[in-house]
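> Below: one structure in C-alpha cells.
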Amino acid sequence: VKRVGLALVGLGNVGRRFLRLLIERKDTLREKYDLAFSVHCVVDSSGVAVSDDGFDLPSLLEHKMCGLKLRELREFDEGLTLAVALDRVQCEILLEASPVDLNTENPGLSNCRTGLEHGLHLVLANKAPLALAQAELDLLAADVDVGILYSATFCGGLPVLNIVRRDMVCGKILGFRGIFNATTNFILE
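Counting along the sequence shown from 1, when you hit position 126 you're at 144 in the numbering used here, and nothing is skipped either side.
See the structure below:
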C-alpha cells in the first residue's frame, strides 16, 4: 500500500466534504488503487495543527462539524505557520481549499507558493491562485517536478477539464458554449 501524506488548507464546506470522502472511501482507495491517505497538516482561520502520525479523520471531521476551530485541538501550535508545519511533517500533496479572495493574493496564493517551495503537488479548490498567478505557479511546479490539479475550480460539478485532459487527448475542441451557474440559467429561462 502506497501511503500519501496530505496537508489540507481550508476546512469549510469543501475541506469537510473532502475529509468525509477520505473516511467513506478509505477501503475503496486501498483495495482499488492500493493507496492510503493520511492528513498530517490542517489549516483553518484559527491557525495550523500538525500530527506526525496523521489525524484521526472521523474525530477531526466531528470537531469541525461542531463548529469548533483547530485552536481547540491538542495538536494546535499557536503561531505555527504553514511553512514551518510542512517542515515538520511528511506530506506529498497540499489541498488548497481556503476562501476565494480575488482582491489579494492571500491566503490561497501564498499557501500554493509555500506548498510548491516544499515540493508538494497542489490540488486546488480555490480559483484565486490561478486567476492571480497561474503562470508563476506553473513555473514553480515545473522547477520542483510536481503537478497542479484544479478541476474543482472550474465547473466544479462537471468533469470539464478532466474530459479535455484525459478523455479527449487526441480530440480537437471546436467551440465552447454553455451557462455555467444556476442563477444565470434561471434568469435566461
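Where a beta carbon is used, it is the ideal one built from N, C-alpha and C, also for glycine.
1) Does DSSP classify Leu-179 as helix, strand or coil?
2) First and last residue of the beta strand (DSSP E) that includes Val-66?
3) Using the Cβ count rule (16 or more neighbours within 10 Å means buried), how would you classify Val-60?
4) Does the distance from the CB of Ile-111 to the CB of Leu-142 come in under 8 Å?
5) Per DSSP, which residues does Phe-94 bridge with? Please list them.
6) Write down the C-beta distance between Gly-146 and Leu-120 rounded to the nearest angstrom, noting that I regard them as a contact closer than 8 Å.
7) Could you tell me the distance, in whole angstroms, from the CA atom of Gly-30 to the CA atom of Pro-76?
8) Which complete alpha helix (DSSP H) runs does the segment 132 to 162 hold, if anything under 4 residues is left out?
9) Are the beta-carbon atoms belonging to Leu-88 and His-136 less than 8 Å from one another?
10) Could you give the DSSP three-state label for Leu-86: helix, strand or coil?
11) Check for me: the alpha helix (DSSP H) holding Val-32 runs from which residue to which?
Taking the definition as stated:
1) In this prediction, Leu-179 scores a pLDDT of 48, lower than 50, which makes its location untrustworthy; the coordinate-derived value is nonetheless stated afterwards. Helix at Leu-179.
2) Boundaries of the beta strand (DSSP E) harbouring Val-66: 65 to 68, taken from the DSSP string.
3) By the neighbour-count rule (16 or more Cβ atoms within 10 Å), Val-60 is buried.
4) no
5) Ala-67
6) Before going further, note that residue 146 is Ala rather than Gly in the sequence given. Contact holds; Cβ gap of about 5 Å.
7) 16 Å
8) If you keep only unbroken alpha helix (DSSP H) runs of at least 4 residues inside the segment 132 to 162, you get 146 to 161.
9) no
10) Coil, per DSSP.
11) 31 to 42
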